[in-house]
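A.B. asks: Quick one: structure below, then a few questions.
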Amino acid sequence: MTGSRPAWQANSESNSCEKCRRHFTLVYRRHHCRGCGKVVCDKCSEHRVVLPENYNYGPNKQRVCDTCYVTLVAIEYQVGLEQGKVVPPDYAAIRAELLERVKTYLSLSESGWGSEGDANGVKVWVRTIEGSQVSCIRSKLLIKAPIKKVMEVYSNMEVWKNWNPYVSSRTIEQIDPTSKVMSAVYEFPVIDKRGSCFYTSIMESSTFESLKDAKGLTVAAISVDHPLCPIESGMVRSDMLMSLSLLEPVDDGIHTHFTSIVHSDPRGLLPPFVFNAFLTRGADHLRGMAKYIEAKLQS
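Numbering (UniProt numbering), first residue to last: 1 to 299.
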């Protein structure tokens, strides 16, 4: 972004979106970001914000690209912190809540899991959770790659688009080397998009009593509220009750056991049983990740 209203990029300068590079057509139209002036598509410029006074757009909200939106919100957040108008999240309390939930989900009785079978190498189980209308899904698979490589790919949501184009994400705030707040948008056929804002942390699995003999890593995440991740119109904010991934190295050094436990409430005007059907498709996501990792090692 510039310090004043930028000159618009000429339509003739680009036949594709400056962000996602998708080509424009008579149906897939071009737009101009009012923040930087770049030519972008509708999907990459869904945000509307009030720009600074020196842009001379007045009090009305203007279309901006994702990059300018993130920049503007970050500036407002920092100014709010300095002026004492914004209270940062209580990360100590959030982490304590995360650890308690991890212990709870790790202690779920094995008898409560009902097998959904083997989906091309991914074993899936489903169970109910007391007090919740949505199912909890557990998936397991063996990835032919060392744990370091698996973790490198899994912890970088930016590369997920290589096998799951319906998920986009960004880091909201890096708290420390192993913990951060992120936002993610999930697109589904038929139903409205779901967005989430969550705190996630990477820990040694042996941190937990029930995994004291484990040699791998645990990645856990729960939903949080954050000033840099406001609820957007046209999107339903889902509640990530627990996302738990357990990565355990195999003694041969070339395989990794990957276990995923996901319990998420989609919210909005959507019958829970409909979303439960979508959750079982998580097996496709894990299988895609495994194939991506294994292909990378072979290339």
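No residue lacks a Cβ here, since even glycine has one placed at the ideal position from N, Cα and C.
Fair warning: this is a prediction, and the values are worked out from it, not measured in the lab.
What number of angstroms, rounded off, separates the C-alpha of Val126 from the C-alpha of Ile75?
C.D. replies: Here residue 126 refers to the residue found at position 126 when the sequence shown is read from its first residue. Here residue 75 refers to the residue found at position 75 when the sequence shown is read from its first residue. Straight-line Cα distance between these residues: approximately 43 Å.
A.B. asks: So the candidates are Val262, His285, Glu294 and Lys144; which of them puts its Cα closest to the Cα of Thr128?
C.D. replies: The count along the sequence shown starts at 1 and reaches residue 128 at position 128. Here the closest residue by C-alpha is Val262.
A.B. asks: How big is the Cα-Cα spacing for Tyr186 and Leu241?
C.D. replies: For this step, residue 186 is matched to residue 186 along the sequence shown. For this step, residue 241 is matched to residue 241 along the sequence shown. Computed Cα separation, rounded: 16 Å.
A.B. asks: With distances taken Cα to Cα, identify the nearest neighbour of Val134 among Tyr292, Ile293, Pro266 and Ala290.
C.D. replies: Counting from one through the sequence shown, the residue named residue 134 turns up at place 134. When only C-alpha atoms are compared, the closest one is Pro266.
A.B. asks: Tell me the rounded alpha-carbon separation between Lys19 and Tyr57.
C.D. replies: On the sequence shown, position 19 is the one that residue 19 refers to. On the sequence shown, position 57 is the one that residue 57 refers to. Between Lys19 and Tyr57, the alpha-carbon positions lie close to 23 Å from each other.
A.B. asks: Suppose only complete runs of 4+ residues qualify. What are the alpha helix (DSSP H) ranges in the segment 212-289, listed by chain order?
C.D. replies: Correct list: 272-279.
A.B. asks: So does the segment 89-105 actually touch the segment 54-74, counting three or more Cβ pairs closer than 8 Å?
C.D. replies: The segment 89-105 vs the segment 54-74: no contact.
A.B. asks: I need the boundaries of the alpha helix (DSSP H) containing residue 305, first residue and last residue.
C.D. replies: Coverage of the chain is limited to positions 1 through 299, which leaves residue 305 absent and any answer about it impossible.
A.B. asks: Going by beta carbon distance, what residues of the same chain come within less than 6 Å of Glu173, once the five residues before and after it are set aside?
C.D. replies: Working through the sequence shown from its first residue, we reach residue 173 at position 173. The residues are Val181.
A.B. asks: Leaving out five residues before and five after Glu209 in sequence, what residues of the same chain have Cβ atoms less than 6 Å from its Cβ?
C.D. replies: One-based indexing of the sequence shown puts residue 209 at position 209. Nothing meets the Cβ criterion.
A.B. asks: Look at the alpha carbon of Glu294 and the alpha carbon of Asp176, and state the distance between them as a whole number of angstroms.
C.D. replies: As a position in the sequence shown, residue 294 is number 294, starting the count at 1. As a position in the sequence shown, residue 176 is number 176, starting the count at 1. Taking the straight line joining both Cα atoms gives about 29 Å.
A.B. asks: For Gly112, which of helix, strand or coil comes out of DSSP?
C.D. replies: Taking the first residue of the sequence shown as position 1, residue 112 is located at position 112. If DSSP states are grouped into helix, strand and coil, Gly112 belongs with the helices.
A.B. asks: Whole angstroms is fine: what's the gap from Asn60's alpha carbon to Val219's?
C.D. replies: Taking the first residue of the sequence shown as position 1, residue 60 is located at position 60. Taking the first residue of the sequence shown as position 1, residue 219 is located at position 219. Asn60 and Val219: Cα-Cα distance of roughly 42 Å.
A.B. asks: Can you tell me where the alpha helix (DSSP H) with Ala96 in it begins and where it stops?
C.D. replies: On the sequence shown, residue 96 is found 96 positions in, with the first residue counted as 1. Where Ala96 is concerned, the enclosing alpha helix (DSSP H) stretches over Tyr91 to Leu106.
A.B. asks: Please work out which residues of its chain come closer than 7 Å, Cβ to Cβ, to Leu142, disregarding the five sequence neighbours upstream and downstream, and give them in chain order.
C.D. replies: Translated into positions along the sequence shown, residue 142 becomes position 142. The residues are His255 and His257.
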